[in-house]
Every structure is written in C-alpha cells, then in structure tokens.
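Taking the UniProt record's numbering, the leading residue of the sequence shown gets 1, the next gets one more, and so forth.
Beta carbons are placed, not taken as given, at the ideal position from N, Cα and C, and that holds for glycine.
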Amino acid sequence: MTYNEITYPFDTRPGDGEVLEVSDGLLWVRMPIPIPGLDYINLYLIEDDDGWTMVDSGLNTGKIRDLWREIYAKYLKGKPITRMLCTHFHPDHMGQAGWVTYKWKIPLTMTFGEWTFGRMLYLEAQKETPDYVIDFYRSVGFDEDMLARVRDRGFNNFRQAMSQVPMGFNRIADGDILTIGKRDWQVIVGQGHSPEHACLYSASDGILISGDQVLPRITPHIGVYPAEPLANPLKKFMDSIEIYKKLPKDTFVLPAHNDVFYGLHNQLDFYQSHHEERLNRLMQVCDSPQSAMDLLPVLFDRELDEKDKGLGIAEGLAHCHYLVGEGKLERVLGEDGIWKFQKSGAHHKAVA
Ligand SMILES: [Zn+2]
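(1) Less than 7 Å separating the Cβ of residue 210 from some heavy atom of ligand 1?
(2) Would you decide whether residue 195 is buried or exposed? Buried here means 16 or more other CB atoms lie within 10 Å of its CB.
(3) Is DSSP giving residue 233 helix, strand or coil here?
(4) State the DSSP-derived secondary structure class of residue 286, mapped to helix, strand or coil.
(5) Quick test of your reading: residue 323 and residue 293, contact by CB under 8 Å. State the CB separation rounded to the nearest angstrom.
(6) So what does DSSP say about residue 249, is it helix, strand or coil?
(7) When you compare each of 146, 173, 269, 295 to residue 317 by their alpha carbons, which one comes out closest?
(8) Check whether the stretch 189-204 and the stretch 102-113 are in contact - that is, three or more C-beta pairs closer than 8 Å.
(9) Which of the three DSSP states is assigned to residue 176 in this structure?
(10) Would you check if the distance between the CB atom of residue 115 and the CB atom of residue 81 is smaller than 8 Å?
(11) Helix, strand or coil for residue 275? Go by DSSP, reduced to three states.
(12) How about residue 194: is its Cβ closer than 7 Å to a heavy atom in ligand 1?
(13) Going by DSSP, what residue range makes up the alpha helix (DSSP H) through residue 293?
(14) In the structure shown, what three-state DSSP assignment does residue 86 receive?
(15) Heavy atom of ligand 1 less than 7 Å from the Cβ of residue 90, yes or no?
(16) Which same chain residues end up closer than 7 Å to residue 325 when comparing Cβ atoms and leaving out the 5 residues on each side of it in sequence?
(17) Assign residue 430 to one of two classes, buried (16 or more other C-beta atoms within 10 Å of its C-beta) or exposed (fewer than that).
(18) Buried or exposed: which applies to residue 351, given that a residue is buried once 16 or more other Cβ atoms fall within 10 Å of its Cβ?
(19) Distance check for residue 106 and residue 62, CA to CA, integer angstroms please.
(20) Between the C-alpha atoms of residue 278 and residue 319, what's the straight-line distance to the nearest angstrom?
(21) Given a threshold of 16 other Cβ atoms within 10 Å of its Cβ, counted over all protein chains shown, does residue 183 qualify as buried or as exposed?
(22) Whose C-beta lies closer than 6 Å to the C-beta of residue 35 among residues of the same chain, with five residues either side of it excluded?
(23) To the nearest angstrom, how far is it from the Cα of residue 22 to the Cα of residue 177?
(24) Shortest alpha-carbon distance to residue 120 belongs to which of 87, 100, 168?
(25) DSSP three-state label for residue 156, please.
(26) Residue 332 and residue 340: beta carbons closer than 8 Å?
(27) For a quick check, are the C-beta atoms of residue 268 and residue 253 less than 8 Å apart?
(28) Kindly indicate which residue of 145, 310, 228 has the alpha-carbon position closest to the one of residue 321.
Below is the structure:
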C-alpha cells in the first residue's frame, strides 16, 4: 500500500451497543449524535492489564448511557473502566464524562486547557445570554433578528449537554506517555479545533487516536467565538498539521467521526490546500472592507441556514484573523460598529 490516498480498512462499522476490535485490545464504539452531518461519534476502549481506558464518552443522553451499560456488560471481560480520558471538552466527547467517572469512581483524564475550558463553560452557564456574547455577534455583522435569537437561546446549552464536569482531573500534557496494557501511548497535543486537544499515538503499533484533530471526509471545525474574539485558531491548526506530519505515512488513524482510515498525510495535505484556497478567495475580495457576514458567500458554496451561519461566521473570522496575523489583511471598525477586513497597505506590511 502506498498510503497516497485515503483507504478504509474495515467495510463494517460497529452497530449501536456493539464494538469492533480494530487492533488487539483496542475496541471501536460508535454513539449516535442528533446533529445532521455528524450523525455518530467514534469512541475507543483500550484494554489495560486490570481494566479499560475509555477515550471520549458521547453526548449526555439517556440512550447513550443505556448503550454504554450494554457495552460494559458484554465486552469488558469482567474488568472495570479504570480511566476516562477525553480528547477535548466538546459535548459529544465530554458529555458523559461526569456520569462515567461517578459510576466507576475514577478520575477524569484530560489536558489542563480542555478540562479548564469545559469546567469554565459549565460554571458560566446562566439563563440570560451575557452582554459580551451579544456584543460580539453584533460586531461581526448579525442583524437585530439574529441577535434576538441569540438572546432567546440563553446561555445554558453547554451545561445541558454535560452530565456534569468533574471538579478535579488528572492532567495529561504533550509528550506524556501513558502505558495501557501492552502499548505505550504518547500524548500529542493539537490546537485550532479546541484549546489543547489530546491525541494518542502508539509508535510500536503505528496507531493514532486522533479525536477531532484529524478527521476523514470532512475538515475539523475551526472557529472564533465570543470568549476570545481576537483568536487566531487557524494558525494554530495549520501549525499543528506540521506536528502530525512527522508521524509515519502508514499510521492507522482512529478518528472521532466517520471511519478509521489510512492516509494521514493525504488528509493533512488536503486540509492545507483547502484552507489555502479559502484564504485566497478572501484576498480576492478584500480590496474593499468586508465584514465576516459579507464574506459568507465567498467562503461557502452553498446557502447557509441560521445555525450554519453562526458556525460559518466563526470559520470566516478564523480565516480573516489568520490573514491579519500574516499581515495581509487589516481589521478596522466600521462606522456601523461592525469589524471589517481589508487588504493591508504597504506601510502596514512594513510595521508587521
Ligand atoms: Zn470537537
């Protein structure tokens, strides 16, 4: 095999409440997600000498707890779950972590950035949408109707998506080695999709559990959000690509969405060319000042509904901020109070 294209070595997927052994002592589990386009999350069980490590946990729904109970009863060979590791704080990954750690009386294992951010969002939840969130969306070009819906939505969604976020955790960090059963797993932290996303790499077996950092068929969501309005997550994502490119071409990738696959480098090359093409599109239209809202039809080839517009704005800002970071665009506040992006003048380049 050349690994120059994406290949999927399994022609089946585990059914609900079932597992598929993708390598010795390494089980692939799928759990439903009621979000169009995502549909399922992949979770993994790694056999240890005296128990199992769970990698990611699923959304906080009763159905998923039932499915886990089924899997625990059928496939753990009488051993307990001894470690709950979440790759990052997003609800499809961390939603059941509270339930799992409580049920098995075990700690939560995460990076500092992911646990802290998830714990912060959990505690920050409130009925009313905070002003800073409304101000952010106004400043990027939402109209009054869209702002009213942000207000009506309240600020409780993340908390509701969590069974709870444990008050303490065990820290993992980039470069750490976790010995689980016969394998050593190296923690490789990626950024851009989330603050400090943990992937696990077994050099002896050439396996990467990639979470949402590397996904086949789709590009990971890279967005700017109200908590960090000047963030440049696309730069972090592009830098992270170089880290994962150091892994061998024949790495077997176990991602959090779609199917387990070979072709890591091919997919990383695709991400680079995809984002570069989008950045080029922006440079072609930013001779005059453009808001993130103005840029949606430039970045997306299809009409977006309202929910997708929110995600699209976040992605659009990520691309604009990348170009600001490169000194190619500048960010200026319009008289209408909306941030605009336009090509930098020569004198700005000199400063940058
Ligand atoms: Zn995610």
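By the coordinates alone:
(1) The residue you call residue 210 lines up with position 210 of the sequence shown. Incorrect: residue 210 has no Cβ contact closer than 7 Å to ligand 1.
(2) The residue given as residue 195 occupies position 195 in the sequence shown. So residue 195 counts as buried.
(3) If you number the sequence shown from 1, residue 233 lands on position 233. Helix at residue 233.
(4) Here residue 286 corresponds to residue number 286 of the sequence shown, with the count starting at 1. Looking at residue 286 - three-state DSSP - the assignment turns out to be coil, as it is neither helix nor strand.
(5) Here residue 323 refers to the residue found at position 323 when the sequence shown is read from its first residue. Here residue 293 refers to the residue found at position 293 when the sequence shown is read from its first residue. Not really, about 17 Å apart at Cβ, beyond 8 Å.
(6) As a position in the sequence shown, residue 249 is number 249, starting the count at 1. Coil, per DSSP.
(7) Locating residue 317 in the sequence shown gives position 317, where the first residue counts as 1. Of 146, 173, 269, 295, the residue nearest in Cα terms is 295.
(8) yes
(9) Indexing the sequence shown from 1 puts residue 176 at position 176. Residue 176 falls in the coil class under three-state DSSP.
(10) Along the sequence shown, read from residue 1 onward, the residue named residue 115 stands at position 115. Along the sequence shown, read from residue 1 onward, the residue named residue 81 stands at position 81. One thing to note: residue 115 has its Cβ no nearer than 8 Å to the Cβ of residue 81.
(11) For this step, residue 275 is matched to residue 275 along the sequence shown. Three-state DSSP puts residue 275 in a helix.
(12) Taking the first residue of the sequence shown as position 1, residue 194 is located at position 194. Yes, since a heavy atom of ligand 1 falls inside the 7 Å radius drawn around the Cβ of residue 194.
(13) As a first step, residue 293 is located in the sequence shown; it is residue number 293 there, counting from the start. Counting along the chain, the alpha helix (DSSP H) containing residue 293 begins and ends at 292-299.
(14) Residue numbering aside, residue 86 sits at position 86 when the sequence shown is read from its first letter. The answer is coil: DSSP assigns residue 86 none of H, G, I, E or B.
(15) Start at 1 with the first residue of the sequence shown, and residue 90 comes out as number 90. Yes, since a heavy atom of ligand 1 falls inside the 7 Å radius drawn around the Cβ of residue 90.
(16) Counting from 1 along the sequence shown, the entry for residue 325 is found at position 325. Same-chain partners within the cutoff: 232, 235.
(17) Only positions 1 to 352 of the chain appear in the structure, and residue 430 is not among them; the question remains open.
(18) Within the sequence shown, the letter at position 351 stands for residue 351. Note on residue 351: pLDDT 46, under 50, position unreliable in the model; the coordinate value appears next. Classification of residue 351: exposed, given that the 10 Å Cβ count is below 16.
(19) Against the sequence shown, residue 62 aligns to sequence position 62. Against the sequence shown, residue 106 aligns to sequence position 106. Roughly 21 Å between the two C-alpha positions.
(20) By 1-based counting over the sequence shown, the position of residue 278 is 278. By 1-based counting over the sequence shown, the position of residue 319 is 319. When rounded, the distance between both Cα atoms is 8 Å.
(21) Residue mapping note: residue 183 aligns to position 183 of the sequence shown, counting from 1. Looking at its Cβ environment, which holds 16 or more other Cβ atoms inside 10 Å, residue 183 is buried.
(22) Counted from its first residue, the sequence shown places residue 35 at position 35. Taken in chain order, the list of residues that qualify is empty.
(23) Residue numbering aside, residue 22 sits at position 22 when the sequence shown is read from its first letter. Residue numbering aside, residue 177 sits at position 177 when the sequence shown is read from its first letter. Between residue 22 and residue 177, the C-alpha separation is close to 21 Å.
(24) Taking the first residue of the sequence shown as position 1, residue 120 is located at position 120. Here the closest residue by C-alpha is 168.
(25) Numbered from 1 along the sequence shown, position 156 holds the residue referred to as residue 156. Coil at residue 156, not helix or strand.
(26) For the purposes of this step, residue 332 is identified with residue 332 of the sequence shown, where counting begins at 1. For the purposes of this step, residue 340 is identified with residue 340 of the sequence shown, where counting begins at 1. Yes, the pair counts as a contact, with Cβ atoms nearer than the cut-off.
(27) Residue 268 sits at position 268 when you count from the first residue of the sequence shown. Residue 253 sits at position 253 when you count from the first residue of the sequence shown. No, these two residues do not count as a Cβ contact at 8 Å.
(28) For the purposes of this step, residue 321 is taken as the residue at position 321 of the sequence shown. The shortest C-alpha separation from residue 321 is found at 228.
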